[in-house]
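Residue numbers (this note's numbering): 61 to 636.
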């Protein structure tokens, strides 16, 4: 288990690139047509954050009045301080709650826009398919769109608002602490030394030491968080694969092997999480110790002057409170290091996903020219990703009504040839022309049935057809009349229907949409020969002027085609 986990290494973190990566992901939203709404909400969040800091400054000043009243046994001042605190607390709560509310509103709008942005980029020009053909490090795109976008937006807003609040608090309280602490005077080697605002310098040095130590202790968390997200996604994907292929696995009695695979992926999660736990324990121990020490540290530094009666108890308590506020502002990195580590890992995953989509977009595409009818191929060559040619210099002109059957041994390039016709296979050259979508329909061996009603599955990839009589007639032609009553039922049709039934549902689409060019990639392989002959004849009768191209192994289908292309797999072919 250890060796297998060690194969996976987190990417090298270059902090100097963080700003560039962040802005490349954030820029699309903040320069879109939604930017003014986003900027308006951001301005509200900023204004309310500043109001919260202002109220904190007022509460800090209240400490002096309150504890001075206690020290002097001043009853009127004591009750006046209580009333003032109630007012300050009321407005503090109003500002804090609404600041959080508007930040969450901005988070929802930004996340929705950015998710749709990545979704559209991923789906555009079949990049979701081409991405699988690249060597880009883009595992689990579903997680990157669904979860990483959410975490990126949430962490970006929380970190930026917290950073703003810390900076403003630092500016607001440094002056107060400088004035309250006064100058520290002492003699060193016979020389009089005076340090004005010494508590400010103490806070800076204290926070700086804590920040440096936190960075070195917690730096491994960045890589570990990256790996944790990856391993979690791999495990979830394995479970989804098992569910989607439950029948095949059950027939193979493959649950033992699947259990081993799941245990392996779960083991990666657990082992990495143990490392995360150890690092978080180490980091948490230090930050807790350093934070607790910060509570008494100002008393240790300023206490001697109070005991020397240089200032009152109220001023000592205000110095302690102000020191805490300055320290809190300076220790932003300490408090946020865990969030920063997760944020950096999320940025890295989203950025590499964005680069992967861009790389997929640069893959060469065989352009498909539009023509009114028929299909023409000129000097088409198809290669495997490793460069091996499977079909070379193939030319053919099919007119309306022609039907071509493609045959050959497995792996000879038949399916790659069909992908070339579809314009999604990047490793091809030549000229292809046929009527453009929606006048073409490609049906694969494994039909795709979308989630939803049976009516929607039949109508795919177009909107649901409302003509019940037409749908009933098509189902009857495909010998699926028993499904008519379930047209508007929502179900997991890919699991409810047998493979043969699913293939007939796909063929029914050809009867519904009546394409000018129909391409079938072993689209009847799960149907018995008698039913296959019936549905093929129905398709031919429905598309008398259509061009039909079929890939199949059964020789019985030759009767439904007037030409046969035999692929040999080494670039050679024969057309009969």
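Every residue, glycine too, gets a C-beta built ideally from N, C-alpha and C.
Fair warning: this is a prediction, and the values are worked out from it, not measured in the lab.
Alpha-carbon spacing of residue i relative to residue j, whole angstroms
i: residue 549; j: residue 529; result: 17 Å
i: residue 36; j: residue 411; result: Coverage of the chain is limited to positions 61 through 636, which leaves residue 36 absent and any answer about it impossible.
i: residue 121; j: residue 378; result: 7 Å
i: residue 621; j: residue 517; result: 28 Å
i: residue 555; j: residue 304; result: 8 Å
i: residue 117; j: residue 265; result: 22 Å
i: residue 144; j: residue 130; result: 15 Å
i: residue 597; j: residue 457; result: 23 Å
i: residue 78; j: residue 413; result: 15 Å
i: residue 209; j: residue 281; result: 20 Å
i: residue 202; j: residue 293; result: 9 Å
i: residue 634; j: residue 488; result: 19 Å
i: residue 533; j: residue 545; result: 13 Å
i: residue 65; j: residue 295; result: Caution applies to residue 65, whose pLDDT of 38 falls short of 50 and renders its modelled position unreliable; the model cannot decide the point.
i: residue 557; j: residue 181; result: 33 Å
i: residue 477; j: residue 585; result: 18 Å
i: residue 629; j: residue 213; result: 49 Å
i: residue 616; j: residue 199; result: 42 Å
i: residue 275; j: residue 269; result: 10 Å
i: residue 486; j: residue 459; result: 26 Å
i: residue 603; j: residue 572; result: 11 Å
i: residue 69; j: residue 406; result: Because the pLDDT at residue 69 is just 45, under 50, the model does not fix this residue reliably, and the value given afterwards should be weighed accordingly. One C-alpha to the other measures close to 15 Å.
i: residue 326; j: residue 310; result: 21 Å
i: residue 249; j: residue 126; result: 41 Å
i: residue 113; j: residue 192; result: 50 Å
i: residue 333; j: residue 291; result: 10 Å
i: residue 158; j: residue 219; result: 18 Å
i: residue 150; j: residue 161; result: 17 Å
i: residue 335; j: residue 349; result: 21 Å
i: residue 674; j: residue 365; result: Past the edges of the chain, shown from 61 to 636, lies residue 674, and the structure says nothing about it.
i: residue 624; j: residue 466; result: 6 Å
Option nearest residue i by Cα separation, candidates the options
i: residue 171; options: 89, 514, 471 and 620; result: 89
i: residue 153; options: 108, 127 and 560; result: 108
i: residue 321; options: 361, 339, 301 and 206; result: 301
i: residue 469; options: 626, 422 and 339; result: 626
i: residue 418; options: 103, 326, 166 and 190; result: 190
i: residue 55; options: 632, 119 and 239; result: A query on residue 55 cannot be resolved here, the shown segment of the chain reaching from 61 to 636 and no further.
i: residue 390; options: 522, 147, 263 and 606; result: 263
i: residue 538; options: 553, 561 and 557; result: 561
i: residue 461; options: 454, 607 and 83; result: 607
i: residue 238; options: 402, 386 and 87; result: 386
i: residue 175; options: 445, 86 and 333; result: 86
i: residue 355; options: 346, 381, 399 and 331; result: 381
i: residue 448; options: 284, 101, 433 and 473; result: 473
i: residue 339; options: 401, 142 and 259; result: 401
i: residue 609; options: 588, 570 and 594; result: 570
i: residue 105; options: 221, 173 and 547; result: 221
First and last residue of the uninterrupted beta strand (DSSP E) at residue i
i: residue 633; result: 633 to 635
i: residue 466; result: 463 to 468
i: residue 456; result: 449 to 458
Residue i: first and last residue of the uninterrupted alpha helix (DSSP H) it sits in
i: residue 17; result: Because the chain here runs from 61 to 636, residue 17 falls outside it and cannot be looked at.
i: residue 255; result: Counting along the chain, residue 255 falls outside any alpha helix (DSSP H), though it belongs to the beta strand (DSSP E) covering 251 to 256.
i: residue 600; result: 589 to 602
i: residue 580; result: That residue, residue 580, is in no alpha helix (DSSP H); its beta strand (DSSP E) goes 577 to 581.
i: residue 303; result: 280 to 304
i: residue 124; result: 95 to 131
i: residue 239; result: 209 to 241
i: residue 615; result: No alpha helix (DSSP H) contains residue 615, which DSSP labels as neither H nor E.
i: residue 574; result: Unbroken run through residue 574: none, as it is neither H nor E.
i: residue 86; result: 78 to 90
i: residue 623; result: Run containing residue 623: none in the alpha helix (DSSP H); it sits in the beta strand (DSSP E), 623 to 627.
i: residue 187; result: 187 to 190
Proximity test, residue i beta-carbon vs the ligand FMN heavy atom, cut-off 7 Å
i: residue 255; result: The ligand FMN is not part of this structure, which contains no ligands at all.
### Task
Any chance you could list the alpha helix (DSSP H) runs of at least 4 consecutive residues sitting entirely within the segment 366 to 435, in chain order?
373 to 390 and 392 to 422
### Query
Can you find at least 3 beta carbon pairs, one from the segment 518 to 526 and one from the segment 556 to 570, that sit closer than 8 Å?
yes
### Task
Kindly provide the ranges of any alpha helix (DSSP H) runs that are 4 or more residues long and lie completely inside the segment 466 to 552, ordered along the chain.
474 to 482, 514 to 519 and 528 to 537
### Query
Per the contact definition of three or more C-beta pairs closer than 8 Å, is the segment 474 to 494 in contact with the segment 423 to 432?
yes
### Message
Taking contact to mean 3 or more Cβ pairs, one atom from each stretch, closer than 8 Å, check whether the segment 225 to 241 and the segment 308 to 317 are in contact.
### Response
no
### Message
When you compare the segment 576 to 585 with the segment 494 to 507, are there three or more beta-carbon pairs, one atom per stretch, that lie closer than 8 Å?
### Response
Three or more Cβ pairs closer than 8 Å define a contact, and the segment 576 to 585 meets that threshold against the segment 494 to 507.
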